[in-house]
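The numbering used here numbers the first residue of the sequence shown as -2 and each following residue consecutively.
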Amino acid sequence: MNHHPLLPIDPLVRTLPVACLGLLLACGTGGNEAATSAVAPATVGKAVAAPPAPNCENALEMTFRHKHYTEKELDSAKVLFTGHFKVLVEGKYEDLQDPVVRIPWSSIEEVQKTIGTTEMPVRGMYISYGLDGTRFHPVLKFLYPDSTGNLQLIPDSCYSFDLSSQRLVTETDPEKYTDAYLENIRVDRIDTGFSALRTTGEADPLATWFPYADNVNRLLKENPYNYQVLVVSCISEKLCYRAISDKTVNPEFRHLIALHIGDGANDQLSSSFDAAKPYYRTALDLGNLCPPRCEPKKK
């Protein structure tokens, strides 16, 4: 999909602690759905051709994944998500509603000023995948660097985005949404049919987290609109598991998250990639997926 050079996963992730067992709920390993009442998947996923499947035996394709998306590339990745991720509702597959969430950056700054301290300055964002009925409902937490520089969760920093107030609000029952996602999302990993999310082996991602250093900070700095909005988009690509972990398996479609900065209700995405200004009017992927590169430990 992208023709500009791919960039590697942030080296910081290779030193971060792994502590994701608490998220792996006892739902069993997903197999293909056999219910005869399930309707055929929507044809929207066919509107944009998927990029060629990567060769997981090729060291370059096995290790690297996309980082920056132009407007067209982001649209393509969003269509792939819609075609490969559905909500199971009474035996039928329905599209995930509101797979794009627009959060005013001023609301994020308000939260960060409230929870950030000298000992625990906010240096990253952790986004858990949640579901409210058929709506995407991300749960946001925030991260601070410990004495070794590894990112950890700030205690009691759990928030949802409230559509009516357009602000982040304290989330008192995050498991309501994250459990619903795990239970009701179905994925067509290899174009052979929908199945439940896996929680063992090559488990499906349930969250992603973004260190602010370099990537997110540059995204904000190079798109300095008067009313900055963090646009959180559900996207998908067919990836070797080695691109997100230390294992090699066949490529599968994964739930990824892309971030870009909007100017209020207006997206400001370019139709072409400028290597001299890679963060200007582009969307950013390369969060650290959990699993396999999992949740920072709580203090």
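The beta carbon of each residue, even a glycine, is placed where N, CA and C say it ideally should be.
Threshold first: 4 residues or longer. Then list the alpha helix (DSSP H) segments lying entirely within the region 153 to 239, N to C. 171 to 181 and 214 to 218
My output table needs one value for residue 297: the three-state DSSP class, helix, strand or coil. Residue 297 is absent from the model: the chain starts at -2 and stops at 296.
In the structure shown, what three-state DSSP assignment does residue 146 receive? Correct three-state label for residue 146: coil.
Under 9 Å between C-beta atoms of residue 63 and residue 180: No, they are not a contact pair.
Following the continuous beta strand (DSSP E) through residue 125, name the residue where it begins and the one where it ends. 121 to 125 is the extent of the beta strand (DSSP E) around residue 125.
Contact between the region 250 to 260 and the region 83 to 94: three or more CB pairs below 8 Å? no
Across the region 219 to 226 and the region 261 to 269, are there enough close Cβ pairs to call them in contact, namely three or more that are closer than 8 Å? Touching, yes, given that three or more Cβ pairs across the two stretches are closer than 8 Å.
Please work out which residues of its chain come closer than 6 Å, Cβ to Cβ, to residue 185, disregarding the five sequence neighbours upstream and downstream, and give them in chain order. Cβ within range, chain order: 81 and 191.
Outcome for residue 272 when other beta-carbon atoms lying within 10 angstroms are tallied against a minimum of 16: exposed
Does the separation of the CB atoms of residue 154 and residue 112 fall below 9 Å? yes
Relative to the C-alpha of residue 137, which candidate in 131, 119, 274 and 130 has its C-alpha closest? 119
Buried or exposed for residue 202, going by 16 or more other Cβ atoms inside 10 Å? buried
Simplified DSSP assignment, three categories, for residue 138: It is a strand residue.
C-alpha gap between residue 218 and residue 87, whole angstroms: When rounded, the separation of the alpha-carbon atoms in residue 218 and residue 87 is 45 Å.
Can you tell me where the alpha helix (DSSP H) with residue 83 in it begins and where it stops? Taken as a continuous stretch (DSSP letters only), residue 83 belongs to no alpha helix (DSSP H), being part of the beta strand (DSSP E) at 82 to 86.
Going by DSSP in three states, residue 78 sits in which element: helix, strand or coil? helix
Quick one: measure Cβ to Cβ for residue 135 and residue 124, integer angstroms, because I've assumed they're closer than 8 Å. Contact between residue 135 and residue 124 holds, with the beta-carbon distance rounding to 5 Å and staying under 8 Å.
Where does the unbroken alpha helix (DSSP H) through residue 110 begin, and where does it stop? Here the alpha helix (DSSP H) through residue 110 covers 102 to 112.
Short check: CB of residue 102 to CB of residue 281, under 9 Å? no
Here's the rule: buried if 16 or more other CB atoms are within 10 angstroms of the residue's CB, otherwise exposed. What is residue 175? buried
Would you tell me roughly how many angstroms separate the C-alpha atoms of residue 213 and residue 207, rounded to the nearest one? 7 Å
Roughly how many whole angstroms lie between the Cα atoms of residue 162 and residue 132? 18 Å
Put residue 89 into one of helix, strand or coil per three-state DSSP. Shown here, residue 89 sits in a strand according to DSSP, grouped into three states.
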